[in-house]
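Asker: Note that the protein sequences, when read in sequence, are chains A and D.
All residue numbers for the first sequence refer to our numbering, where the first residue is 43 and numbers rise by one.
All residue numbers for the second sequence refer to our numbering, where the first residue is 43 and numbers rise by one.
Note that CB positions come from ideal geometry on N, CA and C, so glycine has one too.
Got a structure for you, written out below as C-alpha cells; questions coming shortly.
There are 2 protein chains.
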Amino acid sequence: MESQTPVGRKITLNDIAAGCGVSRATVSLVLRGSPLVNKVTRARVEEELRRQGYVYNRAAANLRRRTSSSVALVINELANPFFAEFAAGVDDALGTAGFVTLLGSSGDSAEREHAVLGSLIEHGPGGIILSPAEDSEARKVLAAVGTHTPVVLFNRELGGELPEYAHWDRLMLDNERGARQATEHLISQGHRHIAFFGGHDHASSTRERHAGYTQAMNAAGLAIESHWRVQSTPTRMDAARAAGALFEGSGAAPTAAVCYNDAVALGLMLGLHQHGRQAGRDFAVTGFDDIAEASMSMPSLTTLTTAPRARGRQAADMLLARLRDPQAPSGTIIAPVELVVRESSCPLS
Amino acid sequence: MESQTPVGRKITLNDIAAGCGVSRATVSLVLRGSPLVNKVTRARVEEELRRQGYVYNRAAANLRRRTSSSVALVINELANPFFAEFAAGVDDALGTAGFVTLLGSSGDSAEREHAVLGSLIEHGPGGIILSPAEDSEARKVLAAVGTHTPVVLFNRELGGELPEYAHWDRLMLDNERGARQATEHLISQGHRHIAFFGGHDHASSTRERHAGYTQAMNAAGLAIESHWRVQSTPTRMDAARAAGALFEGSGAAPTAAVCYNDAVALGLMLGLHQHGRQAGRDFAVTGFDDIAEASMSMPSLTTLTTAPRARGRQAADMLLARLRDPQAPSGTIIAPVELVVRESSCPLS
DNA sequence: AGGCGAAATTAGAACGATTCAAATCCACTC
DNA sequence: GAGTGGATTTGAATCGTTCTAATTTCGCCT
Chain A
43 MESQTPVGRK ITLNDIAAGC GVSRATVSLV LRGSPLVNKV TRARVEEELR
93 RQGYVYNRAA ANLRRRTSSS VALVINELAN PFFAEFAAGV DDALGTAGFV
143 TLLGSSGDSA EREHAVLGSL IEHGPGGIIL SPAEDSEARK VLAAVGTHTP
193 VVLFNRELGG ELPEYAHWDR LMLDNERGAR QATEHLISQG HRHIAFFGGH
243 DHASSTRERH AGYTQAMNAA GLAIESHWRV QSTPTRMDAA RAAGALFEGS
293 GAAPTAAVCY NDAVALGLML GLHQHGRQAG RDFAVTGFDD IAEASMSMPS
343 LTTLTTAPRA RGRQAADMLL ARLRDPQAPS GTIIAPVELV VRESSCPLS
Chain D
43 MESQTPVGRK ITLNDIAAGC GVSRATVSLV LRGSPLVNKV TRARVEEELR
93 RQGYVYNRAA ANLRRRTSSS VALVINELAN PFFAEFAAGV DDALGTAGFV
143 TLLGSSGDSA EREHAVLGSL IEHGPGGIIL SPAEDSEARK VLAAVGTHTP
193 VVLFNRELGG ELPEYAHWDR LMLDNERGAR QATEHLISQG HRHIAFFGGH
243 DHASSTRERH AGYTQAMNAA GLAIESHWRV QSTPTRMDAA RAAGALFEGS
293 GAAPTAAVCY NDAVALGLML GLHQHGRQAG RDFAVTGFDD IAEASMSMPS
343 LTTLTTAPRA RGRQAADMLL ARLRDPQAPS GTIIAPVELV VRESSCPLS
C-alpha cells in the first residue's frame, strides 16, 4: 500500500502533521522516538510518514540544534591506493557512527588544499581529517579551517608553527622505525652498500624514513656514500627516471636500496633494468606501505605494511572521541608498521 | 591586523551587521557580490567580515533557498584503484563547479548500499552518482533515494526493472568495441589463430567483450576453434592455472589471445611460460582496463584504457547537466575505451 | 462535582541565511 | 521648497526542524 507519488514537492513535517491531524512538534517527537508520545498516536504518525514518503531533512535539524553530522576528509592524493584504502576506512567508521563524509582531494597542492578546505568548512563539518599536501603550512590551514573545528592530521606534519591554542590531534606512522627495520633486514641479507631512494627531503615523512635508515647504517658501522641518496617525486614514473643516479657517483655502487614507498620501489625496479640490474636477483629493494600491487609484482616486494584501512578507522575514531570531549588534551598516535619480507630483498649475491 | 579570536561562538550575519551598523540584509548582499550595495558600505562590511573571521553557513542558505550544493557519490569498492581514480575525477569536477562530494562506500553489498543511500539522502544532495553493488536492485535503490533526486548510474546496470517515471542517466563502458579493437589489432599484427581468454560468460561485461571479439573475427573471415574460448575467474591466479587449456584442443594452437581484463592477461603471461611460450615474443596478449601495473609488467601490456578519472569527471558533468535541466530526456553514454599498444602484442613470428 | 497529578500535546520562538516589498536617502530640476 | 527618480538600505517573512514552556486531556480520588 506504500504509494510514493512519482512526482511532487518535498514532504515536510507540516505535511505529515496536517495529514494526520496532529501538531508538528508531535511528529518531530515521533521521528526521534521520544517516549513522551502515546502509542496509538505514534502508530498513526508513522503510517502517515510512510504513506507520504517523508525524508528527514538533517540540514534543517542541524541548523536548529547547532550540531553537525558530517566530517570533512581531505586527502592529498586519492588515486594513490594507500590513501584510497585510508579513505575507505575513514568512511566506514564515520558511517557506522552516523556521520557522513565530505570528500576533498588536494592533488598534493597546498593552494588547492586551501580552496578545498574553504569550501568544505562552509558546510559546517563537525571536524576535519586532513592528510596534508607536501608543502602545506600550518598557518594557512588554520586560516582556512578556523579555530572552531577540530582537526586530525594524518601521515604528515604541517610546515611552520601551529599556534598553541589550536590543539589538533595527530595520527602518524612509525616512519623511522619502519625504515630502520627495512635497513636492518637488508644488512642481515649481507648487503653493505645500501642506498636510500626516492621522496623529497622537505616532507616530514621522508625525513623520518631517511633518519631510520641512517640510524641502522650507523649502528652497523656502515658508511654512506653521498650518491646513495637520490630524491624523486613519490611516483613510479619519476622514480624509474631517477634510478640511474644511483650508479653515477664515483664511489661504490649500491647493491640494495631502501625506498621511500612502494610506488617509488616499483619504479626503481623498472629503472634498474636499464642499468643492467634485476631487482630480487642482483639488487635488493624494499618499499613502504604494502599497497595491493606489492604482493603481485615481479618480483614481489618486501615492504612495511601500514594497514591503511585500519589507520582510516583509527583516524575517524580519534576525531569522534574529540567531538565527544572537545576539552580533552590533544594527542599524537604513532601507528606501528610491520616488515613483510618477500622476494625483492634478495641476499647479496 | 586580521585578529581571529582563538576561541568563541560562531559568527553570524547578525554579528557582522551589528559590528558595522548596517542591516543583516545588506551584509547578505555584500556576501553575494550584489551590485546594489554602495562601494563604501561594501568595503566597511568586508573589513568587518575579515575582522571577525566570519564563515559562511551554506546549510542555512540552502535551507532558505531550497537549493543544494552537494552531490552524493556511492562507490561499490573505494579501495579498488579503478574506482578510486573515478572518485577523484568526480570530486575534481564537482569541486570546480562549487559542489561538495558526500562520500559513501558500499563494499559491494546491496544491503550496505541501501543504508548508505538512506543516510546520504537525508543530507539533501542535489543528485547521486552511483556505482552499484553487484547484487543491487533497481526497486530498492529507488525506495532509498526517492523520486526527487536525480541519479547517474556508472559501470553497472541495476537488477530488475526501473519504473519509467524515474529517468536516470547512465554512464557505461564500451566493452564490445574495446574487445573488437584489441582483436583487430592482433589481426593486423598477422595473427590468425586468436583465442578469447578468461572471464565468466554469465557476467554481462564478459558477454559484451566476447561479442566484440567474435565480430572482429567474423569480419576478417577467420574461423574460431572451440578450444580457443577458455573461461576463468577474473584473477591472476586462476588465469595462470587455466592457461594450459589453450593448447589442449585437437585443432590449431592459438598464437595470440584477447583477455577479459588485465589481471587475467597478467596471469596468462605467467602461465604461458609453463607451456614453452613467452608473451611478447612468440605469443601476443591484450588486456582490458589499463590498471597501473599494465605499463610496468614485463613485457608491458597492450590493453584498453578506460580513463577512470576522465569517466569520473564525465559522470559529474552528466549530473550537473541534469541539475541544470531536470526535464531533459535521460540518456545513456557508452564511454569509448582506447587501445594502448605496448610490448605484449607482438607480431606473428 | 471538583480537584489533582501524570501523561500527552502544542504554540511559537529560535537556528542563520535569503528575498521581496517597502522605506530612505540624495542629488537635481523646476 | 516641493517633486522626481535612481540608488541604497532595511523590516519582516520564510526555509524545515527543535525545544521550552505552557496547555490540554484524562483517569481517579474524595
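Within its chain, find whatever has a CB closer than 8 Å to the CB of L365 (chain A); leave out the 5 residues flanking it on each side and keep chain order.
Answerer: These residues qualify, in order along the chain: G168, G169, P192.
Asker: Could you tell me the boundaries of the alpha helix (DSSP H) in which M259 (chain A) lies?
Answerer: 246-261
Asker: Residues of the stretch 121-133 of chain A with a CB closer than 7 Å to any CB of chain D: list them in chain order, please.
Answerer: Hits within the stretch, in order: A121, P123, A126, E127, A129, A130, D133.
Asker: Let's test the definition: count the other Cβ atoms within 10 Å of the Cβ of V97 (chain D) and tell me whether it reaches 16, buried, or not, exposed.
Answerer: buried
Asker: Under 9 Å between C-beta atoms, does T143 (chain A) make it to chain D?
Answerer: yes
Asker: For the stretch 294-303 of chain D against the stretch 320-335 of chain D, do three or more pairs of beta-carbon atoms, one drawn from each stretch, fall closer than 8 Å, so that the two count as touching?
Answerer: yes
Asker: Could you give the DSSP three-state label for M360 (chain D): helix, strand or coil?
Answerer: Looking at M360 (chain D) - three-state DSSP - the assignment turns out to be helix.
Asker: So with CB distances below 8 Å, who are the chain D contacts of I163 (chain A)?
Answerer: V97
Asker: What is the DSSP secondary structure of D304 (chain A), reduced to helix, strand or coil?
Answerer: helix
Asker: Take the Cβ of N260 (chain D) as the centre, count every other Cβ of all protein chains shown within 10 Å, and call the residue buried at 16 or more, exposed below.
Answerer: exposed
Asker: Mind listing the chain D neighbours of R100 (chain A)? Cutoff is C-beta to C-beta under 7 Å, in chain order.
Answerer: E164, H165
Asker: Taking only the alpha-carbon atoms, compute the straight-line gap between M43 (chain D) and G63 (chain D) and give it to the nearest angstrom.
Answerer: Note on M43 (chain D): pLDDT 35, under 50, position unreliable in the model; no value is reported.
Asker: Against A334 (chain D), what residues of chain A qualify as contacts under a CB-to-CB distance less than 8 Å, listed in chain order?
Answerer: Those are R278, E335, listed as they occur along chain A.
Asker: Looking at chain A, is there any beta carbon in it that lies within less than 9 Å of the beta carbon of K81 (chain D)?
Answerer: no
Asker: Just the C-alpha distance for G160 (chain D) and G95 (chain A), rounded to the nearest angstrom, thanks.
Answerer: 12 Å
Asker: Per DSSP, which residues does E380 (chain D) bridge with? Please list them.
Answerer: For E380 (chain D), which the question treats as bridged, DSSP gives the partners D:T347.
Asker: Would you please verify whether the beta carbon of K182 (chain A) is less than 9 Å from any beta carbon of chain D?
Answerer: no
Asker: State the DSSP-derived secondary structure class of A265 (chain D), mapped to helix, strand or coil.
Answerer: coil
Asker: Would you kindly report the start and end of the unbroken beta strand (DSSP E) that includes D211 (chain D)?
Answerer: 211-215
Asker: Could you check the C-alpha separation between A221 (chain D) and I376 (chain D) for me, to the nearest Å?
Answerer: 14 Å
Asker: Quick check on V187 (chain A): does DSSP put it in helix, strand or coil?
Answerer: In the structure shown, V187 (chain A) adopts helical secondary structure according to DSSP, grouped into three states.
Asker: Could you work out which residues of chain D lie near G313 (chain A), taking near to mean beta carbons separated by less than 9 Å?
Answerer: Within 9 Å Cβ-Cβ: nothing; G313 (chain A) doesn't reach chain D, min ~11 Å.
Asker: Output the boundary residues of the beta strand (DSSP E) element that contains G169 (chain A).
Answerer: 169-172
Asker: Is S147 (chain D) helix, strand or coil when you go by DSSP?
Answerer: strand
Asker: Taking the alpha carbon of D133 (chain D) as the point to measure from, which residue in A:C388, A:E335, A:V116, A:A357 has its own alpha carbon closest?
Answerer: Among A:C388, A:E335, A:V116, A:A357, the Cα nearest to that of D133 (chain D) is on A:V116.
Asker: DSSP three-state call for E44 (chain A): helix, strand or coil?
Answerer: Any answer about E44 (chain A) is weak, because its pLDDT of 36 lies below 50 and its placement is not dependable; what the coordinates show is given next. When DSSP states are grouped into helix, strand and coil, E44 (chain A) belongs to the coil group.
Asker: Cβ of V69 (chain A) less than 9 Å from any chain D Cβ?
Answerer: no
Asker: Report the start-end ranges of each alpha helix (DSSP H) in the stretch 269-303 of chain D that is 4 residues or longer and not cut off at the edges.
Answerer: 278-284
Asker: In terms of alpha-carbon separation, which member of A:S274, A:D304, A:H269 lies closest to G291 (chain A)?
Answerer: A:H269
Asker: Identify, in the order they occur along the chain, each residue of the same chain with its Cβ nearer than 6 Å to the Cβ of G313 (chain D), setting aside the five sequence neighbours on each side.
Answerer: A282, A285
Asker: Go ahead and pull the three-state DSSP assignment for T328 (chain A).
Answerer: strand
Asker: Taking 9 Å as the cut-off, decide whether the C-beta atoms of S110 (chain A) and L144 (chain D) are in contact.
Answerer: no
Asker: So is G373 (chain D) in contact with chain A if we call contact Cβ pairs under 9 Å?
Answerer: no
Asker: Could you give the residue range of the alpha helix (DSSP H) that holds S70 (chain D)?
Answerer: 66-73
Asker: Could you check whether the Cβ of S147 (chain D) sits closer than 9 Å to any Cβ belonging to chain A?
Answerer: yes
Asker: Going by beta-carbon coordinates alone, are P205 (chain A) and L184 (chain A) separated by less than 9 Å?
Answerer: yes
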